[in-house]
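Engineer: According to the UniProt record's numbering, the sequence shown is numbered sequentially starting from 1. Just so it is clear, CB atoms sit at the ideal spot from N, CA and C, and this is done for glycine as well. Dropping the structure in here first, questions after.
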Amino acid sequence: MDGVEPGTPCWADLATPGLDDAKRFYPELFGWTGRVSAEPTAGGYTTFLKDGRAVAGAGPPATDDQVPVWSTYVATDDADLVATRVEAAGGQVVVSPFDVLDQGRMAVLSDPAGAVFSVWQPMAMRGAELFNAPGSMCWNELVTPDPEGAKDFYALVFGWHPEERAAGPVTYTGWRCGARIVAGMLPQLEPLPEDLPAYWSVYFAVEDADATAARAAELGGTILVPPRDNPAGRSAALRDPEGALFSVTALR
Numbered sequence: 001m002d003g004v005e006p007g008t009p010c011w012a013d014l015a016t017p018g019l020d021d022a023k024r025f026y027p028e029l030f031g032w033t034g035r036v037s038a039e040p041t042a043g044g045y046t047t048f049l050k051d052g053r054a055v056a057g058a059g060p061p062a063t064d065d066q067v068p069v070w071s072t073y074v075a076t077d078d079a080d081l082v083a084t085r086v087e088a089a090g091g092q093v094v095v096s097p098f099d100v101l102d103q104g105r106m107a108v109l110s111d112p113a114g115a116v117f118s119v120w121q122p123m124a125m126r127g128a129e130l131f132n133a134p135g136s137m138c139w140n141e142l143v144t145p146d147p148e149g150a151k152d153f154y155a156l157v158f159g160w161h162p163e164e165r166a167a168g169p170v171t172y173t174g175w176r177c178g179a180r181i182v183a184g185m186l187p188q189l190e191p192l193p194e195d196l197p198a199y200w201s202v203y204f205a206v207e208d209a210d211a212t213a214a215r216a217a218e219l220g221g222t223i224l225v226p227p228r229d230n231p232a233g234r235s236a237a238l239r240d241p242e243g244a245l246f247s248v249t250a251l252r
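What follows is the structure in structure tokens.
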């Protein structure tokens, strides 16, 4: 499989009932432009571009009761096999594997603690075309009340190996896939929002975390966790005007 290696986060998209609002908020925040799919069945799915390269997407929710959410997509060469592994490991297949036009094959899945993620088996669309630059995805992180269970689950599903290090009062876990650490995990530090029993957080790189957080608030978003320093840089957790959670990091 060309592009992002299997087992590596390759894409992120937003499911939201406020698609028009999202197409205003995020371009103002990150300097994105939007390319709306002309396919009638795509529901106005919008690919966000940074300097002409695809970095993320947004579309309508799959169901009327779905909360606005940013989803992490993990690359795979067999979405059906991953879905089978998820069930065998105690997770849930939320949406069974299906083809997205000629773009790829995907499934929506959840781990035993309820954290939802997706897998992407690429066809015409390989995934994001830019990573780790301002305005593009730079990290994906699981926040869960059950880190030990997550270690077993993701090892079975993706073959990830946990590598732990102390991070202040908690242990931070990096997920190794082959030669790289591809994602991370934090134990739940405080009660999670009711709409997020456990969750995968999408991080976008920015030049200035403080300025981005302030701008998000000006645009109608919410600062959940104010900017603070960490080993990777300086990060903040935010919600957009519809309530979707995402994070930003000014990388070191």
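What I want to know is whether the C-beta of residue 12 ends up closer than 6 Å to one or more non-hydrogen atoms of the ligand MG.
Structural biologist: With respect to the ligand MG, the structure offers nothing, as it holds no ligand at all.
Engineer: Okay, do the region 145-157 and the region 94-103 touch, 3+ Cβ pairs below 8 Å being the bar?
Structural biologist: no
Engineer: May I ask which residues mark the beginning and end of the beta strand (DSSP E) holding residue 237?
Structural biologist: 233-239
Engineer: Counting C-beta neighbours from all protein chains within 10 Å, is the total for residue 77 16 or more, i.e. buried, or is it exposed?
Structural biologist: Residue 77 is classed as exposed because its beta carbon has fewer than 16 other beta carbons within 10 Å across all chains shown.
Engineer: What separation, rounded to the nearest whole angstrom, lies between the Cα atoms of residue 174 and residue 164?
Structural biologist: 6 Å
Engineer: For a quick check, are the C-beta atoms of residue 75 and residue 177 less than 7 Å apart?
Structural biologist: no
Engineer: Using a Cβ-Cβ cut-off of 6 Å (strictly less than) and excluding sequence neighbours within five positions of residue 252, which residues of its own chain qualify?
Structural biologist: 233
Engineer: Is residue 212 helix, strand or coil by DSSP?
Structural biologist: In the structure shown, residue 212 falls within a helical segment according to DSSP collapsed to helix, strand and coil.
Engineer: Tell me, to the nearest whole angstrom, how far the beta carbon of residue 73 is from that of residue 59; I am working on the premise that it is less than 8 Å.
Structural biologist: That belief does not hold up - the Cβ atoms of residue 73 and residue 59 are roughly 13 Å apart, past 8 Å.
Engineer: Output yes or no for whether 7 Å exceeds the beta carbon distance between residue 22 and residue 61.
Structural biologist: no
Engineer: Can you tell me whether residue 24 is helix, strand or coil according to DSSP?
Structural biologist: helix
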